Amino acid sequence: MVKTSLLLILVLSVFLTVSGCALTGASPPPVTHATSGAFQDCRGCHEKGTEGAPKTDHALKDDCLSCHPASPQE
């Protein structure tokens with residue numbers, strides 16, 4: 836029972852992530868800065884527009900890099 840529940844949660848998580856990316860119809864813009872170290876917490880800056888960061892309009896998403904490609908600099 837527990838294994839079935841965990842599998843269902845995993846499948847639903849993957850589906851929601853993929854469908855969330857596909858809803859826009861266009862490719863999301865790439866991340867234009869490093870995504871490690873101090874820049875790991877995307878919502879730390881993008882939720883409020885700290886230091887000129889564009890404010891995000893999809894706060895329910897937790898993993899930005901699941902849709903937005905990482906910077907080629909990394």
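The sequence shown begins at 836 in our numbering and counts up by one.
The C-beta atom is built at its ideal place from N, Cα and C for all residues, glycine as well.
Model, not experiment: these values are computed from the prediction.
If I measure Cβ to Cβ from Pro904 and keep anything under 6 Å in the same chain, skipping five residues before and after, which residues do I get? As a position in the sequence shown, residue 904 is number 69, starting the count at 1. Cβ neighbours of Pro904 beyond the five flanking positions: Pro865.
To the nearest angstrom, report how far apart Ser901 and Pro863 are at their CA atoms. Sequence index remark: in the sequence shown, residue 901 carries index 66 (1-based). Sequence index remark: in the sequence shown, residue 863 carries index 28 (1-based). Between Ser901 and Pro863, the C-alpha separation is close to 10 Å.
Residue range of the unbroken alpha helix (DSSP H) whose run includes Gly879: One-based indexing of the sequence shown puts residue 879 at position 44. Note, Gly879: alpha helix (DSSP H), Cys877 to His881.
I want to see whether chain D comes within less than 9 Å of Gln875, judged by CB atoms only; does it? Absent from the structure: chain D. Only one protein chain is present.
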